[in-house]
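Going by our numbering, the first residue of the sequence shown is number 318, and it counts up by one from there.
Every residue, glycine too, gets a C-beta built ideally from N, C-alpha and C.
Just so we're clear, the structure is a prediction, and the values are computed from it rather than from any experiment.
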Amino acid sequence: MITFGRIAAWLATSSVGRAIVAGVAVVGAVLIAALKIFSAGKSAERARQDQQSLENLRNRNETDDEVRNLRDGDLNKRLSRWVRPPDQHW
Numbered sequence: 318m319i320t321f322g323r324i325a326a327w328l329a330t331s332s333v334g335r336a337i338v339a340g341v342a343v344v345g346a347v348l349i350a351a352l353k354i355f356s357a358g359k360s361a362e363r364a365r366q367d368q369q370s371l372e373n374l375r376n377r378n379e380t381d382d383e384v385r386n387l388r389d390g391d392l393n394k395r396l397s398r399w400v401r402p403p404d405q406h407w
């Protein structure tokens with residue numbers, strides 16, 4: 318039965334073993350770099366979404382304040398833009 322020590326010795330001493338170890342190291346480094354790039358992109362997108370959410374909240378608060386301060390007639394006029402007249406159908 319082949320033991321771990323014999324495999325490690327073969328990888329360390331033979332040219333094929335060293336090439337395999339070098340290849341695995343390169344693949345590992347590329348995977349780690351790809352994961353870091355993916356993580357950075359994910360964090361950047363999350364930050365962009367958080368910024369957009371804050372902007373949306375500010376806009377909503379401004380609109381709410383504006384509507385809250387409207388007089389009844391002005392409010393009805395503004396709301397009439399969103400309601401179809403009774404004689405208009407789909």
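Under the three-state DSSP convention, the category residue i falls into
i      : result
Arg335 : helix
Ile349 : helix
Thr320 : coil
Asp404 : coil
Ala392 : Note that residue 392 is Leu in the sequence shown here, rather than Ala. Three-state result, Leu392: helix.
Asn378 : helix
Leu371 : helix
Leu387 : coil
Residues near residue i by beta carbon distance below 8 Å, same chain, minus five either side
i      : result
Thr380 : none
Spatial neighbours of residue i in its chain, beta-carbon cut-off 7 Å, leaving aside the 5 residues before and after
i      : result
Glu372 : none
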